[in-house]
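Protein chains in written order, with our numbering: chain A, 1 to 160; chain B, 1 to 284.
This is the structure we're talking about:
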């Protein structure tokens with residue numbers, strides 16, 4: 001298990017005002033932030049990112065970042081790659097719950113059902129896997145005898 | 001429920017205030033016919049939201065002083081009808097917002113307070129403008145049985161099983177009978193209104209209408225205080241036959257227990273089969 005809090009990974013999540021997929025991605029990101037991870041996860045606010053937030057854009061330039069999409073419009077990935085650089089990975093909620101469900105009517109967080117919570121947990125599990133994989137790459141790169149090349153951008157020497 | 005705002009929330013995901021802005025937008029959408037403009041998608045594609053932003057007054061809901069939503073509105077050249085910032089609203093109410101992204105009871109209360117105030121202000125503005133807060137016309141679906149055609153508005157209306165409708169705007173409601181009632185009664189000749197100022201409970205009586213066939217007690221779908229009656233119906237009760245949803249409305253109420261009453265209200269999809277069954281059984 002990687003235990004390095006100096007490893008930082010960003011999550012740019014769809015913030016979801018257009019469809020349910022956004023609600024799911026938003027909740028999965030929020031739950032991720034509640035978890036104790038062996039590395040540092042930072043959520044980058046997508047509306048702020050787009051509005052010119054230099055801190056958010058700078059973080060995504062410097063550290064590996066995952067785009068968490070609510071649907072197949074890929075707003076988070078497109079924005080990150082436009083203003084910061086290539087994302088390390090992409091996770092699309094629609095791949096888990098289907099396009100039709102992802103594009104259905106959005107919900108208040110107080111109206112989420114058990115079914116929605118299952119969807120959120122499913123996405124969260126996959127997000128956690130992707131974050132762990134990136135953190136592992138970064139940690140391996142921090143060692144002296146790794147075979148990885150390239151730079152993940154977080155000053156650790158890992159792959160991005 | 002009437003058309004209200006096009007709402008542009010900041011919808012931020014780095015502070016709780018952004019999450020509250022989203023909840024405010026969603027609650028406004030639930031309680032009115034407001035539509036939400038996704039601040040992210042709006043930047044990516046104009047086409048989807050420009051029409052909505054032009055047709056409805058724009059409500060901008062910023063989470064914090066960064067005012068991302070206001071920036072989008074400015075960039076798009078949108079005319080802002082109303083603007084609020086969640087952190088300022090909290091400060092004005094001496095409420096603290098938590099640091100994380102989780103919305104707790106306190107944040108939900110703040111959301112509810114903000115929405116209630118927005119709706120009150122909107123209602124006040126409408127009244128000051130001298131306009132009714134209720135639309136003048138609606139769109140209908142039709143159900144035909146033999147030669148009889150029954151109109152039923154498909155959106156914005158709620159019904160009870162006593163064939164009375166209610167249309168809600170904020171804490172105001174307009175009440176009337178359905179097309180099924182007026183067709184069943186045939187020519188309505190008398191309207192006995194309730195007293196203005198009187199209070200009625202859900203399923204209480206709100207006056208009655210009478211034809212040559214029968215007397216129909218108007219069973220209120222909601223609890224409230226009678227603020228206005230359609231006094232034209234006293235002279236022209238036939239207006240109920242002409243259109244029971246528009247010129248034939250019966251009374252207006254100030255709602256007192258909407259949250260509780262909602263459990264027993266039927267929307268179009270729930271009421272339609274009931275009306276169909278009654279029509280089929282009754283053979284109007």
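The C-beta atom is built at its ideal place from N, Cα and C for all residues, glycine as well.
Only a predicted model underlies this, so the values are computations on that prediction, with no experimental measurement involved.
Handout entry: 8 Å Cβ cutoff, residue 38(B) in contact with chain A
Key = On the second chain, position 38 is the one that residue 38(B) refers to. For residue 38(B), the answer is yes, since a Cβ of chain A falls inside 8 Å of its Cβ.
Exercise for the section: Rounded to whole angstroms, what's the CA-CA distance from residue 37(B) to residue 44(B)? Just pull it up for me. Expected result: Counted from its first residue, the second chain places residue 37(B) at position 37. Counted from its first residue, the second chain places residue 44(B) at position 44. Cα-Cα distance, rounded: 12 Å.
Problem - Simplified DSSP state of residue 231(B), which is helix, strand or coil - result: As a position in the second chain, residue 231(B) is number 231, starting the count at 1. In the structure shown, residue 231(B) sits in coil (DSSP, three-state: anything other than H, G, I, E or B).
Handout entry: Minimum C-alpha distance to residue 108(A) - residue among 11(A), 100(A), 8(A), 19(A)
Key = Residue numbering aside, residue 108(A) sits at position 108 when the first chain is read from its first letter. Cα-wise, what sits closest to residue 108(A) is 19(A).
Exercise for the section: Rounded to whole angstroms, what's the CA-CA distance from residue 93(B) to residue 23(A)? Just pull it up for me. Expected result: Position 93 of the second chain, counted from the start, is the residue given in the question as residue 93(B). Position 23 of the first chain, counted from the start, is the residue given in the question as residue 23(A). C-alpha separation (whole angstroms): 28 Å.
Problem - Beta-carbon spacing of residue 17(B), residue 87(B) below 8 Å - result: Mapped onto the second chain, residue 17(B) falls at position 17. Mapped onto the second chain, residue 87(B) falls at position 87. Yes; because the gap between Cβ atoms is below 8 Å, this pair is in contact.
Practice task
With 8 Å as the C-beta to C-beta threshold (strictly closer), list the residues of the stretch 22-39 of chain A near chain B in chain order.
Solution key: Interface annotation for the stretch 22-39 of chain A against chain B: 22, 26, 29, 30, 33, 34, criterion Cβ-Cβ distance under 8 Å.
Exercise for the section: Work out the CA separation of residue 140(B) and residue 278(B) for me, nearest whole Å. Expected result: Here residue 278(B) corresponds to residue number 278 of the second chain, with the count starting at 1. Here residue 140(B) corresponds to residue number 140 of the second chain, with the count starting at 1. One Cα belongs to residue 278(B), the other to residue 140(B), and the distance between them is close to 19 Å.
Handout entry: Contact set for residue 104(B): own chain, Cβ-Cβ below 7 Å, skip 5 residues either direction
Key = Taking the first residue of the second chain as position 1, residue 104(B) is located at position 104. Same-chain partners within the cutoff: 98.
Exercise for the section: Give the DSSP bridge partners of residue 40(A), in chain order. Expected result: As a first step, residue 40(A) must be located in the first chain, where it is residue number 40. Partner(s): 8(A).
Problem - Contact between the stretch 111-129 of chain A and the stretch 27-36 of chain A (3+ Cβ pairs under 8 Å) - result: yes
Handout entry: Any chain B beta carbon closer than 8 Å to residue 73(A)
Key = If you number the first chain from 1, residue 73(A) lands on position 73. Interface residue, yes.
Exercise for the section: Evaluate the contact criterion for the stretch 248-265 of chain B versus the stretch 167-179 of chain B: three or more CB pairs, one atom per stretch, below 8 Å. Expected result: yes
Exercise for the section: Give the straight-line distance between the Cα atoms of residue 272(B) and residue 242(B), rounded to the nearest whole angstrom. Expected result: Taking the second chain and counting its residues from 1, the one referred to as residue 272(B) is at position 272. Taking the second chain and counting its residues from 1, the one referred to as residue 242(B) is at position 242. Their Cα atoms are separated by approximately 20 Å.
Practice task
With a floor of 3 residues, list each beta strand (DSSP E) that falls wholly inside the stretch 185-209 of chain B, ordered by position along the chain.
Solution key: 188-192
Exercise for the section: May I ask you to verify whether the stretch 147-155 of chain B touches the stretch 197-204 of chain B, counting CB pairs closer than 8 Å and requiring at least 3? Expected result: no
Practice task
Report back the beta-carbon spacing between residue 66(A) and residue 11(A) to the nearest angstrom; my notes put them in contact at under 8 Å.
Solution key: Locating residue 66(A) in the first chain gives position 66, where the first residue counts as 1. Locating residue 11(A) in the first chain gives position 11, where the first residue counts as 1. The pair is a contact, with the Cβ atoms about 5 Å apart (cut-off 8 Å).
Handout entry: Spatial distance of residue 8(A) from residue 39(A) (CA atoms)
Key = On the first chain, residue 8(A) is found 8 positions in, with the first residue counted as 1. On the first chain, residue 39(A) is found 39 positions in, with the first residue counted as 1. Residue 8(A) and residue 39(A): Cα-Cα distance of roughly 6 Å.
Practice task
State yes or no: is the beta carbon of residue 44(B) nearer than 8 Å to at least one beta carbon in chain A?
Solution key: Numbered from its first residue, the second chain carries residue 44(B) at position 44. Cβ-Cβ to chain A under 8 Å: yes for residue 44(B).
Problem - 8 Å contact criterion, which residue 17(A) and residue 57(B) should meet: CB distance rounded - result: On the first chain, residue 17(A) is found 17 positions in, with the first residue counted as 1. On the second chain, residue 57(B) is found 57 positions in, with the first residue counted as 1. Residue 17(A) to residue 57(B), Cβ: 18 Å. No contact.
Practice task
Evaluate contact between the stretch 65-76 of chain B and the stretch 34-51 of chain A, counting only Cβ atoms and requiring at least three cross-stretch pairs below 8 Å.
Solution key: Segments in contact, yes.
Exercise for the section: Determine the DSSP secondary structure at residue 259(B), reduced to helix, strand or coil. Expected result: By one-based count along the second chain, residue 259(B) stands at place 259. Three-state result, residue 259(B): helix.
Handout entry: Residue of 232(B), 47(B), 224(B), 247(B) minimising C-alpha distance to residue 259(B)
Key = Working through the second chain from its first residue, we reach residue 259(B) at position 259. Here the closest residue by C-alpha is 224(B).
Practice task
Measure from the C-beta of residue 68(A) to each C-beta in chain B and report whether the shortest distance is under 8 Å.
Solution key: What you label residue 68(A) is simply residue 68 of the first chain in a count that begins at 1. So no, residue 68(A) is outside the interface.
Problem - Cutoff 8 Å: residue 41(B) Cβ touching any chain A Cβ - result: One-based indexing of the second chain puts residue 41(B) at position 41. Judged by the 8 Å Cβ criterion, residue 41(B) is in contact with chain A.
Problem - Residues near residue 73(B) in its chain [Cβ-Cβ closer than 7 Å; skip 5 each side] - result: Taking the first residue of the second chain as position 1, residue 73(B) is located at position 73. Taken in chain order, the residues that qualify are 8, 58, 60, 80.
Exercise for the section: Give the residues of chain A in contact with residue 108(B), contact being defined as C-beta atoms less than 8 Å apart. Expected result: Residue mapping note: residue 108(B) aligns to position 108 of the second chain, counting from 1. Near residue 108(B) (Cβ distances below 8 Å), the residues of chain A are 110.
Practice task
Tell whether a beta-carbon distance below 8 Å holds between residue 209(B) and residue 185(B).
Solution key: Within the second chain, numbered from 1, the residue matching residue 209(B) stands at position 209. Within the second chain, numbered from 1, the residue matching residue 185(B) stands at position 185. Yes, Cβ-Cβ distance for residue 209(B) and residue 185(B) is below 8 Å.
Practice task
Answer with yes or no whether the minimum CB distance from residue 65(A) to chain B is below 8 Å.
Solution key: The residue you call residue 65(A) lines up with position 65 of the first chain. No, its Cβ sits nowhere closer than 8 Å to a Cβ of chain B.
Handout entry: Minimum length 4: unbroken alpha helix (DSSP H) runs contained in the stretch 39-83 of chain B
Key = The qualifying runs are 39-44, 47-55, 68-75.
Handout entry: Within-8 Å CB hit, residue 14(B) to chain A
Key = Working through the second chain from its first residue, we reach residue 14(B) at position 14. Residue 14(B) counts as touching chain A.
Handout entry: residue 172(B) beta carbon less than 8 Å from that of residue 133(B)
Key = Against the second chain, residue 133(B) aligns to sequence position 133. Against the second chain, residue 172(B) aligns to sequence position 172. For residue 133(B) and residue 172(B), yes; Cβs fall inside 8 Å.
Practice task
Spell out whether any CB of chain B is found under 8 Å from the CB atom of residue 43(A).
Solution key: Here the question's residue 43(A) lines up with position 43 in the first chain. Answer yes: the Cβ-Cβ gap between residue 43(A) and chain B drops below 8 Å somewhere.
Practice task
State the start and end residues of the unbroken alpha helix (DSSP H) segment that holds residue 273(B).
Solution key: Locating residue 273(B) in the second chain gives position 273, counting from the first residue. Unbroken alpha helix (DSSP H) run through residue 273(B): 268-282.
Exercise for the section: Could you name the residues of the stretch 78-89 of chain A whose beta carbon sits closer than 9 Å to any beta carbon of chain B, in the order they occur along the chain? Expected result: 78, 79
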